[in-house]
Amino acid sequence: EFEAVYAKVNHRVSRYGEAGFSITELGLIATADKVKPMLIKRPLGKSDPAPAHKGVREAYIGSRWHKANLYEMDLLQPGHEVIGPAIIEHPAT
67 EFEAVYAKVN
77 HRVSRYGEAG
87 FSITELGLIA
97 TADKVKPMLI
107 KRPLGKSDPA
117 PAHKGVREAY
127 IGSRWHKANL
137 YEMDLLQPGH
147 EVIGPAIIEH
157 PAT
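Take the sequence shown: its letters are residues 67 to 159, numbered as in my numbering.
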C-alpha cells in the first residue's frame, strides 16, 4: 500500500525503484489511556479563602488592567469563595 501511495504522490521519481524512498515529513496519531483522578468527599469549610491568599497582581482583562487577588491553589479548600478577578496559582498550570 505504501508503494502505491508513494508512486501516486511522487510519480516522477517513483519509476526508479532502485533509488529507494525519500520521506521528508511524517504524521502520527497516538492515543493513551487517561487515569481518572479519585475525588475525595470533604466537608465544606468557611467561605473565607484568606489562608490561600498570596497577594495582589495586575491582570490584563477585557482590554484594560485590573487588580486581581492571587491565591495558592493547594491551600484553597471546599467552601472557600474566591471573588474575581482572581489568579489561582499552581505549578501544574
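By construction, the Cβ of each residue, glycine as well, lies at the ideal position given by its N, Cα and C atoms.
**8 Å contact criterion, which Gly-111 and Gln-143 should meet: CB distance rounded** = 5 Å
**Item:** Residue nearest to Gly-86 in terms of C-alpha spacing, selected from Ala-73, Leu-94, Ala-125, Tyr-126
**Value:** Ala-73
**Request:** Ignore the nearest five residues each way along the sequence and tell me which others in Ala-118's own chain have a CB closer than 6 Å to its CB.
**Result:** Tyr-137, Glu-138, Leu-141, Leu-142
**Request:** Give every residue of the same chain whose Cβ lies closer than 7 Å to the Cβ of Gly-145, excluding the five residues on either side of it in the sequence, and list them in chain order.
**Result:** Leu-110, Gly-111, Lys-112, Ser-113
**Asked** Between Pro-103, Phe-68, Asp-99, which lies nearest to Ile-89 when the distance is taken from Cα to Cα?
**Response** The candidate whose alpha carbon is nearest that of Ile-89 is Phe-68.
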